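Chemist:
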Amino acid sequence: MTDLELQLRDLAAHLDVPTHPPLAGAVLVRITRARRRRRVLTLAVATGLAALAVALAVPGSRASLLRFFHIRGAAVTLVDKLPPLAGHRSLGTPIPLDRAPFRLLLPSGRRPARLYAGDGGYWLRYPGLLLFEFESGNGATLIKKAAAGTHVEYVRVGGETGIWIGARHAVFLPGGPPVAAGHVLIWQHGVLTLRLEVAVELDQALAIARSLR
Amino acid sequence: MAPDAENHRLNNDNPSVQPPGEETLVERARRGDSAAYEALVLAYQALAFRTAFVISGDAADAEEAAQDAFVKAYRALGRFRAGESFRPWLLTIVANEARNRRRARSRRTALTLRAAAELRAPYEDPEEAALAAESRELLLTAVERLRDDDRDILACRYFLELSEEETATVLGIARGTVKSRAHRALGRLQEELA
C-alpha cells in the first residue's frame, strides 16, 4: 500500500461520521405496512371476484349483466330487466338489543323500535328507516339488482367505501326470494357492512350514516 | 496491499458485520419472516448508514437513504440469488439511494474531520497532533475536490474498506475497472495535493 493509500485509511478513522440512527424499527413499520396494503389489495380483488361470481350465479343474470358495483359483503348489478319480486319478507326473529354478538351501530345512538336476527345479520327497525348490519366476509351477502338507468354510484362514508342506489331495486338475501327495496345506502364500517334503507336523498342518507355510533 | 474483504472493522457499533447464518436469515426474510429481516437490519444498519453518509455527506440524507435501501432490499428479496452475499447486494442499493440524494442537491456536502481533541491520546505530542490534523485536513479537502466517480471509488476502497469485488458490485462496474479507476483517482488526488 502506498503512502497515500495509508493516509486515506488513516483519514477514514478520523472522519466525523455521526452515530447511525436506529433503523430497524422504522424499516419494520414500513415493510409491515406495505405487506398489509398488499394483503388488503389481494383480499379486495379476491372479494370482488367472489362477489362477481355470486352475482353471476343468481339465475338469469349472466346474459343481462350491464354494470357491476361491489364493496365487501355486497354487490350491485345493473341489469336490463328486474326479476319478479316478492311483496314482503320477514326480517327474522325479534331479539333484545343486548343479544347481538357485536356492538350494533345506532343512528344518533338511538335504540331501534325493534331488532331482528336474520339473513346472517341484524335488522334494526326505526320509524321510516331500516338498517341491516352484518359482519362481512369474503363473499357477498347482499346481492342487489337494479334496472339499467337506475342511479347507482360509489360514495364515501366516514372514509370508507359505500354504494348508493337511488331507486327501486331488487334485493337477494341468502335463502329467500328477491324482494323490492327503495333508496339504499350500503357501506363498510370496519368489519361490518351496513345497509340503510330510508326514503330520503343521498345527502340525508349520508348524514344518517355518519350519525351512527 | 488491497483491503481485506474479510477483515472489516468499520461497523464500530456492531463489529460482527457478517452475522451467523446470514443465508438462513435472508431465506427466512424472503418467506416473510420480519424478525429475520430485523436481524439483518440490525447487523448492517451501521455499515449502511456509514456508506450512505460517506457518499452523500449529509446525516439526514444518509438516514433516509439507508432506511429506503432496507425497505427496497426487502421488497427485492425475491430477486436476490441464493448463495450470494447479502452485504454487497445491500450496499449497492444503499449507494444508489445515497447518490440519488446527492444528485438531488445542487452541491455535495463535504465530509469533515472529527475534533482533534476527541481523538488525541493523552500521551500524544500536541504539536505532532496538530500537524497530523493539518495534513488530514489537506487530504480531505483534496478528496472533496475530486470528481464524484473518483471520490466514490476512493471512498469505497479506503473509507469503507470494501474489497475490489464489493466495490465493483456497489459501483456497478467490472472488477478489473476498479483497480484502474482507483489508480487514476489516486493519481488525480496526488495532483490535487501537489
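Protein sequence lines correspond, in order, to chains A and B. All the letters of the first sequence, read from the start, carry residue numbers -17 to 195 under this note's numbering. All the letters of the second sequence, read from the start, carry residue numbers 14 to 207 under this note's numbering. Backbone N, C-alpha and C define an ideal beta-carbon position, used for all residues, glycine too. Treat the numbers as computed from the prediction; the structure is a model and nothing was measured.
Helix, strand or coil: which one does DSSP assign to A:Glu115?
Modeler: strand
Chemist: Cβ of B:Ala142 less than 8 Å from any chain A Cβ?
Modeler: Cβ-Cβ to chain A under 8 Å: no for B:Ala142.
Chemist: Look at the alpha carbon of B:Arg63 and the alpha carbon of B:Leu38, and state the distance between them as a whole number of angstroms.
Modeler: 22 Å
Chemist: Quick one: any contact between the region 199 to 206 of chain B and the region 178 to 186 of chain B, if contact means 3 or more CB pairs under 8 Å?
Modeler: no
Chemist: Checking 8 Å against the spacing of the C-beta atoms, do A:Ala149 and A:Ala128 come in under that value?
Modeler: yes
Chemist: Can you pull the chain A neighbours of B:Leu38, defined as C-beta to C-beta under 7 Å?
Modeler: In chain order: nothing, as chain A lies at least about 13 Å away.
Chemist: Taking the C-alpha atoms as reference points, what is the distance between B:Ser148 and B:Leu167?
Modeler: 18 Å
Chemist: Rounded to a whole number of angstroms, what is the C-alpha to C-alpha distance between A:Gly103 and A:Pro3?
Modeler: 50 Å
Chemist: Provide the residue(s) that pair with A:Leu124 in DSSP beta bridges, ordered along the chain.
Modeler: A:Ala56
Chemist: So, does the CB of A:Glu(-13) fall closer than 8 Å to a CB anywhere in chain B?
Modeler: yes
Chemist: Specify the secondary structure class of B:Thr125 as computed by DSSP and reduced to three states.
Modeler: coil
Chemist: What is the C-beta distance between B:Phe66 and B:Ala75, in whole angstroms, given that I count them as a contact (C-beta under 8 Å)?
Modeler: 4 Å
Chemist: Take the Cβ of B:Val156 as the centre, count every other Cβ of all protein chains shown within 10 Å, and call the residue buried at 16 or more, exposed below.
Modeler: buried
Chemist: If A:Glu115 sits next to A:Leu106, beta carbons under 8 Å apart, how far is it from one beta carbon to the other, in whole angstroms?
Modeler: 7 Å
Chemist: Looking at chain A, is there any beta carbon in it that lies within less than 8 Å of the beta carbon of B:Arg92?
Modeler: no
Chemist: State yes or no: is the beta carbon of B:Asp125 nearer than 8 Å to at least one beta carbon in chain A?
Modeler: Here residue 125 of chain B turns out to be Thr, not Asp, going by the sequence shown. True, the Cβ-Cβ gap to chain A drops below 8 Å.
Chemist: Which residues of the region 46 to 63 of chain B have a Cβ closer than 8 Å to any Cβ of chain A? Give them in chain order.
Modeler: Ser47, Tyr50, Glu51, Val54, Leu55, Gln58, Ala59, Ala61, Phe62 and Arg63
Chemist: From B:Glu51 to A:Ala6, what distance separates their C-alpha atoms?
Modeler: For the pair B:Glu51 and A:Ala6, the Cα-to-Cα distance works out to about 6 Å.
Chemist: What's the call for B:Arg209, buried or exposed, on a 16-neighbour Cβ count within 10 Å?
Modeler: This structure gives no information on residue 209 of chain B, because the portion of chain B shown stretches from 14 to 207.
Chemist: Output the distance between the C-alpha atoms of B:Leu55 and A:Ala(-6), rounded to the nearest integer angstrom.
Modeler: 23 Å
Chemist: From what residue to what residue does the alpha helix (DSSP H) around B:Ala61 run?
Modeler: Here the alpha helix (DSSP H) through B:Ala61 covers Ser47 to Ser69.
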